[in-house]
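Using the working numbering, the first residue of the sequence shown is number 1, and each one after it goes up by one. Report on the structure given below.
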Amino acid sequence: MITLSICIPTLNRKNCLLQALHSIFEGSKRLRRVEVCISNNCSDENYEEVELLIGGYPCIKYFKQVRRISLDENMHSCVKMASGEYIYYLGDDDFFLDDGVEKLLDIIDREHPDLVVLNALNVDKSGVPIGRLFPCSDMVMDSFNQAYDFYNDKCNFGTVLVKRRYLNDSIFEKFYGTSHAYMCFWASLAIYAQENLAKSIKVVTPNEPIVALGQHNKTYNDYLLDVFYKHIPQWFLIFKEFIYKDEMKQVVFNCDKRNYDLILSLRFLIMLKGIGVDVKKIGTYASARKSHYLPLKLGLVMLVPNSIFISLRFAKHLVQTYCYLVNKFTARILPG
């Protein structure tokens, strides 16, 4: 009986995927309960080294697409391969921390959750920690409204463990084109919560980080503005089709508004310019044009010289290098 299916869509990141696979199998003691489902999205890179590794692990299911498909379709392809009671989404540039798979199985056995949102550790391309995903202690929620209000913007790919029964194929497909179709479980959980009022759902977050999320180049960087200003608003529109209880409608509306306010905030626009995005293009998106203040905000952002952002990135690099050296030094002089 497979308890846990770890689903990894991959595209042109062979070395990162190898690290992810090693993190699964090193120290895992209950592999008979685990399977790994990998969908290779017709990568240009040579994955021969990955395929050789896979040959030594019968618990790995591997499929290479004959043509490049969308991000959402490739995520769904992994899920369709899975047979476990629970699905864990793992990015091909992410990896488990020590005994991470064992800790996931412990959570499943102890809590029997419907959904787990991990408080992950963000790392740079060198593996140096750069902060937690969000601050919290151990949490358990049994109300959909409470859970969605808190977690709707925290379910990064790489941090979600969910019962497979909530990943309905037809619902998954409805979210194609949003770059976040994997979060279709919220629609299934909403249906469950609205139709089973006497029952509760169980959403868990362990305080201890179990997985590290790679923060280097993402495969969607070339269409980052589409993700924020077209795909995510589209996700909310589709999700609202599943909501019919008034109280839940209000919760979803509030979350949608918070997201809208965030992506049109001056701070967010400055952040985008700081990572090299051409923010002038934001004005071409229908979702952004709803804001009467957008032209003013974009004008203010454009006044900020690029040299400031270059200086900030250099300062950030110095801080990260300092932290790395301190970690290395203390590892040598401190026991354990």
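All residues carry an ideal CB built from backbone N, CA and C; glycine is no exception. Bear in mind the structure is a predicted one, so any value in this text is a computation, not a measurement.
Residues in its own chain within less than 7 Å of residue i by CB, not counting five upstream and five downstream?
{"i": "Asp-94", "result": "Ala-20, Gly-158, Val-211, Ala-212, Leu-213 and Gly-214"}
{"i": "Lys-369", "result": "This structure cannot settle anything about residue 369, because the visible part of the chain is limited to 1 through 336."}
{"i": "Ala-315", "result": "For Ala-315, the pLDDT reaches just 48, beneath the cut-off of 50, and the residue's location in the model is therefore unreliable, although a value from the coordinates is still provided. Correct list: empty, nothing qualifies."}
{"i": "Ser-251", "result": "Checking the sequence, you will find Val at residue 251 rather than Ser. Excluding positions up to five away in sequence, the list reads Asn-145, Tyr-148 and Asp-149."}
{"i": "Lys-240", "result": "Val-252"}
{"i": "Arg-68", "result": "Asn-41 and Cys-42"}
{"i": "Tyr-349", "result": "Given that the chain is displayed from residue 1 to residue 336, the structure contains no residue 349 and the question cannot be resolved."}
{"i": "Gly-131", "result": "Asn-122"}
{"i": "Cys-155", "result": "Val-117 and Met-183"}
{"i": "Leu-224", "result": "Val-277"}
Can the beta-carbon of residue i be found closer than 9 Å to that of residue j?
{"i": "Thr-3", "j": "Tyr-89", "result": "no"}
{"i": "Asp-109", "j": "Ser-200", "result": "no"}
{"i": "Lys-297", "j": "Leu-272", "result": "no"}
{"i": "Phe-236", "j": "Asn-259", "result": "yes"}
{"i": "Lys-14", "j": "Asn-46", "result": "yes"}
{"i": "Tyr-62", "j": "Leu-31", "result": "no"}
{"i": "Ile-282", "j": "Leu-269", "result": "yes"}
{"i": "Cys-136", "j": "Thr-205", "result": "yes"}
{"i": "Met-176", "j": "Asp-246", "result": "Looking at the sequence itself, residue 176 is Tyr, so the reference to Met does not match. It is not a contact, given that the beta carbons lie outside the stated cut-off."}
Which residues share a DSSP beta bridge with residue i?
{"i": "Pro-129", "result": "Val-123"}
{"i": "Pro-9", "result": "Ser-39"}
{"i": "Phe-63", "result": "Ser-39"}
{"i": "Phe-96", "result": "Val-211"}
{"i": "Met-139", "result": "Thr-205"}
{"i": "Tyr-293", "result": "None, per the DSSP bridge assignment."}
{"i": "Leu-4", "result": "Val-34 and Tyr-86"}
{"i": "Leu-115", "result": "Val-162 and Val-203"}
Let me make sure I understand the geometry here. Which of the options has the alpha-carbon closest to that of residue i?
{"i": "Cys-59", "options": "Ala-82, Asn-46, Ser-77 and His-76", "result": "Ala-82"}
{"i": "Met-1", "options": "Asn-12, Leu-11 and Val-34", "result": "Val-34"}
{"i": "Lys-103", "options": "Ile-8, Asp-114 and Leu-118", "result": "Leu-118"}
{"i": "Tyr-151", "options": "Leu-167, Val-203, Asp-124 and Asp-114", "result": "Val-203"}
{"i": "Ile-107", "options": "Gln-234, Val-162 and Tyr-62", "result": "Val-162"}
{"i": "Pro-113", "options": "Val-140, Asp-226 and Ile-24", "result": "Val-140"}
{"i": "Ala-345", "options": "Leu-115, Val-301, Phe-134 and Gly-55", "result": "With the chain covering 1 to 336 only, the question about residue 345 has no answer from this structure."}
{"i": "Lys-80", "options": "Leu-52, Tyr-166 and Gly-299", "result": "Tyr-166"}
{"i": "Val-301", "options": "Lys-290, Lys-280 and Ser-291", "result": "Lys-280"}
{"i": "Ser-170", "options": "Asp-261, Asp-226, Ala-187 and Glu-26", "result": "Ala-187"}
{"i": "Leu-52", "options": "Asp-72, Lys-29 and Leu-18", "result": "Leu-18"}
{"i": "Asp-153", "options": "Leu-133, Arg-164 and Pro-129", "result": "Leu-133"}
{"i": "Tyr-293", "options": "Asp-278, Gly-274 and Leu-266", "result": "Leu-266"}
{"i": "Glu-195", "options": "Tyr-223, Pro-295, Phe-144 and Asp-138", "result": "Phe-144"}
{"i": "Lys-29", "options": "Asp-99, Phe-175, Cys-136 and Val-251", "result": "Asp-99"}
{"i": "Glu-49", "options": "Asn-12, Glu-26, Pro-135 and Lys-257", "result": "Asn-12"}
{"i": "Gly-27", "options": "Pro-129, Ala-147, Val-101 and Thr-205", "result": "Val-101"}
{"i": "Glu-111", "options": "Gly-127, Gly-131, Cys-16 and Asp-138", "result": "Asp-138"}
{"i": "Ser-126", "options": "Lys-257, Gly-299 and Cys-16", "result": "Cys-16"}
{"i": "Lys-174", "options": "Gly-131, Ile-238 and Asn-156", "result": "Ile-238"}
{"i": "Lys-290", "options": "Pro-305, Lys-257, Gly-274 and Arg-164", "result": "Lys-257"}
Which word fits residue i, buried or exposed, when buried means at least 16 other C-beta atoms lie within 10 angstroms of its C-beta?
{"i": "Val-185", "result": "Per the sequence shown, residue 185 should be read as Phe rather than Val. With 16 or more Cβ atoms within 10 Å of its Cβ, Phe-185 is classed as buried."}
{"i": "Thr-284", "result": "exposed"}
{"i": "Gly-276", "result": "exposed"}
{"i": "Leu-303", "result": "exposed"}
{"i": "Tyr-244", "result": "exposed"}
{"i": "Ser-70", "result": "exposed"}
{"i": "Thr-10", "result": "buried"}
{"i": "Lys-230", "result": "buried"}
{"i": "Ala-286", "result": "exposed"}
{"i": "Ile-8", "result": "buried"}
{"i": "Asn-207", "result": "exposed"}
{"i": "Gly-91", "result": "buried"}
{"i": "Phe-253", "result": "exposed"}
{"i": "Val-123", "result": "buried"}
{"i": "Val-66", "result": "exposed"}
Spatial neighbours of residue i within its chain, please: CB distance less than 6 Å, with the 5 preceding and 5 following residues excluded, ordered by chain position.
{"i": "Ser-77", "result": "Ser-39"}
{"i": "Phe-172", "result": "His-76, Ala-181 and Cys-184"}
{"i": "Ser-5", "result": "Glu-35, Cys-37, Ala-82, Gly-84 and Ile-87"}
{"i": "Pro-233", "result": "Ser-287"}
{"i": "Leu-325", "result": "The predicted model places Leu-325 with a pLDDT of 45, which falls under 50 and marks its position as unreliable, so this point remains unresolved."}
{"i": "Asn-74", "result": "Pro-9, Ser-39 and Asn-41"}
{"i": "Lys-64", "result": "Asn-40"}
{"i": "Asn-168", "result": "Ser-188"}
Can you check whether the C-beta of residue i is within less than 9 Å of a C-beta belonging to chain C?
{"i": "Pro-209", "result": "Looking for chain C here will not work: only one protein chain is present."}
Beta-carbon within less than 8 Å of residue i's beta-carbon, same chain only, minus the 5 sequence neighbours each way: which residues are those?
{"i": "Leu-97", "result": "Ser-23, Leu-121, Pro-209, Ile-210, Val-211 and Ala-212"}
{"i": "Asp-44", "result": "Asn-12"}
{"i": "Leu-105", "result": "Thr-3, Leu-4, Arg-30, Arg-33 and Val-34"}
If you measure from the CB of residue i, is any heavy atom of the ligand MN nearer than 8 Å?
{"i": "Ile-6", "result": "The ligand MN is not part of this structure, which contains no ligands at all."}
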